[in-house]
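Below is one structure, written out as structure tokens; the observations come after it.
Numbering (the working numbering), first residue to last: 35 to 163.
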């Protein structure tokens, strides 16, 4: 079975949050590695923010049931986005039998978008007595 999540965000929304909350914003929403990988580039942070929302949608909960830092989007060896789950997000993925994730991010100076696909293993058919 396939689960999916998509999120689109205006980069300016992230800019405003940074101006308003400063370091508290970074500390609440992003891991240290995410901040390193984004290199202070607001559209890259917006794409990661959108990815976290998209993952939460694929998990079927929305972001309310997981912590922002339980979903981490880091750069792989070729700078491709790599998803790491922790805590409640990892627990939910396990309960849903998600075995593989595909993640695509894109951004302009105005918008960032994330698309997430989660592949589940089929459930075992129940055996009739």
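Yeah, the Cβ is synthetic: ideal placement off N, Cα and C, and Gly gets one too.
Just so we're clear, the structure is a prediction, and the values are computed from it rather than from any experiment.
What is the DSSP secondary structure of residue i, reduced to helix, strand or coil?
i, result
"residue 52", "helix"
"residue 73", "coil"
"residue 100", "coil"
"residue 106", "strand"
Pull up the CB-CB distance for residue i and residue j, whole angstroms please, since I reckon it's below 8 Å.
i, j, result
"residue 62", "residue 154", "Contact doesn't hold; Cβ gap of about 30 Å is too wide."
Please report the distance separating the alpha-carbon of residue i from that of residue j.
i, j, result
"residue 111", "residue 71", "12 Å"
"residue 97", "residue 123", "9 Å"
"residue 156", "residue 93", "16 Å"
"residue 100", "residue 91", "11 Å"
"residue 135", "residue 151", "6 Å"
"residue 51", "residue 66", "18 Å"
"residue 125", "residue 147", "25 Å"
"residue 39", "residue 57", "28 Å"
"residue 129", "residue 89", "15 Å"
"residue 133", "residue 105", "16 Å"
"residue 131", "residue 95", "15 Å"
"residue 109", "residue 149", "16 Å"
Thinking C-alpha only, which one of the options is nearest residue i?
i, options, result
"residue 79", "142, 152, 156 and 150", "142"
"residue 118", "125, 107 and 84", "107"
"residue 41", "47, 57 and 84", "84"
"residue 43", "81, 114, 116 and 120", "81"
"residue 113", "149, 54, 121 and 73", "73"
Quick one: residues in its chain with C-beta nearer than 8 Å to the C-beta of residue i, no 5 flanking neighbours on either side, listed in chain order?
i, result
"residue 49", "76"
"residue 60", "52 and 69"
"residue 45", "76, 77, 80, 141, 142, 143, 144, 145 and 146"
Tell me which residues share the same chain as residue i and place their Cβ nearer than 7 Å to its Cβ, disregarding the 5 neighbours each side in the sequence.
i, result
"residue 102", "62, 63 and 86"
"residue 127", "93 and 119"
Kindly list the residues whose CB is nearer than 6 Å to the CB of residue i, restricted to its own chain and excluding five residues on each side of it in sequence; keep chain order.
i, result
"residue 47", "none"
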